[in-house]
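Sequential numbering from 184 applies to the sequence shown in this note's numbering.
Data first, discussion second: the structure below is written as structure tokens.
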Amino acid sequence: MKPKILVIEDEVSIVELLKYNLTASGFDVDVCFDGDSALDSIFGDIKYDLIIVDWMLPNISGLELCRRVRKDKTTKNIPLIMLTAKGEEEDKLRAFETEIDDYITKPFSVNELVARIKAVLKRLRPIFYNEVLTYKGIQLDVSTHRVTRDKTEISLGPTEFNLLRFLMENQGKVFSRQQLLDYVWTTSPYVEPRTVDVHIRRLRKALNEGFEYDPIRTIRSAGYSLGI
Numbered sequence: 184m185k186p187k188i189l190v191i192e193d194e195v196s197i198v199e200l201l202k203y204n205l206t207a208s209g210f211d212v213d214v215c216f217d218g219d220s221a222l223d224s225i226f227g228d229i230k231y232d233l234i235i236v237d238w239m240l241p242n243i244s245g246l247e248l249c250r251r252v253r254k255d256k257t258t259k260n261i262p263l264i265m266l267t268a269k270g271e272e273e274d275k276l277r278a279f280e281t282e283i284d285d286y287i288t289k290p291f292s293v294n295e296l297v298a299r300i301k302a303v304l305k306r307l308r309p310i311f312y313n314e315v316l317t318y319k320g321i322q323l324d325v326s327t328h329r330v331t332r333d334k335t336e337i338s339l340g341p342t343e344f345n346l347l348r349f350l351m352e353n354q355g356k357v358f359s360r361q362q363l364l365d366y367v368w369t370t371s372p373y374v375e376p377r378t379v380d381v382h383i384r385r386l387r388k389a390l391n392e393g394f395e396y397d398p399i400r401t402i403r404s405a406g407y408s409l410g411i
């Protein structure tokens with residue numbers, strides 16, 4: 184099963200570049216050259232797994248298009264990547280206010296774009312990257328979002344799940360609060376570092392209930408780790 188991607192871009196040369204490279208990377212790609220046709224495609228019969236959208240589009244801006252996607256219950260969970268020449272901090276903040284998942288400025292590296300698409304899909308569409316992570320009796324199934332400990336089901340919220348997943352993918356490494364914010368809370372630029380402590384406490388409570396061993400380590404003046 185190939186991830187279905189919609190590219191919304193009015194520059195023909197960029198569209199050709201993206202379609203060629205994304206297809207070669209294993210994606211199924213559709214293209215639109217303006218906002219109106221893009222909305223017709225998004226709210227049509229085809230269900231997209233990710234949308235790449237330019238900010239400056241004919242008819243409807245990419246920013247407005249993202250707002251409409253997020254407001255509709257049938258499309259609000261589609262990952263959005265903004266690909267634009269607008270690189271000022273104010274522009275990025277405006278874009279993230281529409282709840283996009285990533286922001287890439289032109290000129291761009293195709294290899295980096297493909298890597299970031301895969302990162303977003305891996306986080307938000309794990310069905311395409313089936314993985315089961317394990318650590319001392321803890322199992323985290325990326326594809327089903329199921330977590331167990333010694334075969335006991337563990338119920339986690341989305342942030343706690345992503346936090347545990349990141350720590351399990353990087354066992355033994357210590358991460359500061361800011362690093363965890365950068366890696367786990369990638370879609371929001373407004374989260375305070377102390378928020379990490381709140382979610383670590385929630386994760387520990389859910390993960391350790393009925394168990395004596397706490398796999399999450401607090402490293403004084405350094406941060407958090409799994410299994411050090």
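Built from N, CA and C at the ideal position, the CB exists for glycine as well.
Ordered along the chain, which non-local residues of its own chain (more than five positions away) have a Cβ less than 6 Å from that of residue i?
| i | result |
| --- | --- |
| GLU336 | none |
| ASP213 | LEU189 |
| GLU395 | none |
| SER208 | VAL297 |
Identify the continuous alpha helix (DSSP H) that holds residue i and give its terminal residues.
| i | result |
| --- | --- |
| LYS230 | Here LYS230 belongs to no alpha helix (DSSP H), and DSSP marks it neither H nor E. |
| GLY245 | 245-254 |
| MET265 | Run containing MET265: none in the alpha helix (DSSP H); it sits in the beta strand (DSSP E), 263-267. |
| ILE283 | Taken as a continuous stretch (DSSP letters only), ILE283 belongs to no alpha helix (DSSP H), as it is neither H nor E. |
| LEU304 | 293-307 |
| GLY218 | 218-225 |
| PHE394 | Counting along the chain, PHE394 falls outside any alpha helix (DSSP H), and DSSP gives it neither H nor E. |
| GLU352 | 341-352 |
Going by Cα to Cα distance, which pick from the options is closest to residue i?
| i | options | result |
| --- | --- | --- |
| GLU314 | TYR286, LEU339, GLU343, MET351 | MET351 |
| ARG144 | LYS230, VAL252, PHE358 | The first residue shown for the chain is 184 and the last is 411, placing residue 144 beyond what the model contains. |
| ARG277 | SER244, GLU295, LEU296, VAL297 | SER244 |
| PRO241 | THR258, GLY218, CYS249, ASN260 | GLY218 |
| ILE402 | GLU395, SER359, ASN204 | SER359 |
| ALA405 | ASN391, GLY393, VAL357 | VAL357 |
| ASP333 | THR378, TRP368, LEU390 | LEU390 |
| ARG387 | VAL367, SER408, VAL374, GLU375 | SER408 |
| MET239 | LYS256, ALA221, ASP193, LEU339 | ASP193 |
| PHE210 | ASP223, PHE291, PHE311, ILE225 | PHE311 |
| LEU248 | ALA268, PHE226, ASP232 | PHE226 |
| LEU266 | LEU304, SER326, PRO290 | PRO290 |
| ASP255 | VAL236, ILE235, LEU222, ALA268 | LEU222 |
Residues bridged to residue i by DSSP?
| i | result |
| --- | --- |
| GLY406 | ILE402 |
| LYS187 | ASP211 |
| ARG332 | ILE321, THR335 |
| PHE358 | TYR407 |
| THR378 | DSSP, once it has assigned bridges, lists no residue as partnering THR378. |
| LEU316 | LEU323 |
| THR288 | THR267 |
Can you name, in chain order, every residue of its own chain whose Cβ lies under 8 Å from the Cβ of residue i, other than the five neighbours on each side?
| i | result |
| --- | --- |
| ARG299 | ILE264, ASP285, ILE287 |
| GLY410 | TYR318, LYS319, GLN354, GLY355, PRO398, ARG400 |
| TRP368 | THR342, VAL374, THR378 |
| THR416 | Missing from the structure shown is residue 416; the chain here goes from 184 to 411 and no further. |
Between which residues of its own chain and residue i is the CB-CB distance below 7 Å, once the five residues before and five after are set aside?
| i | result |
| --- | --- |
| ARG253 | LYS259, THR281, GLU282 |
Query raised in the report: Is the stretch 192-206 in contact with the stretch 319-327, if contact means three or more CB pairs nearer than 8 Å?
Result: no
Query raised in the report: Does the pairing of the stretch 381-389 with the stretch 344-362 give three or more beta-carbon distances under 8 Å?
Result: With the rule of 3 Cβ pairs closer than 8 Å, the stretch 381-389 counts as touching the stretch 344-362.
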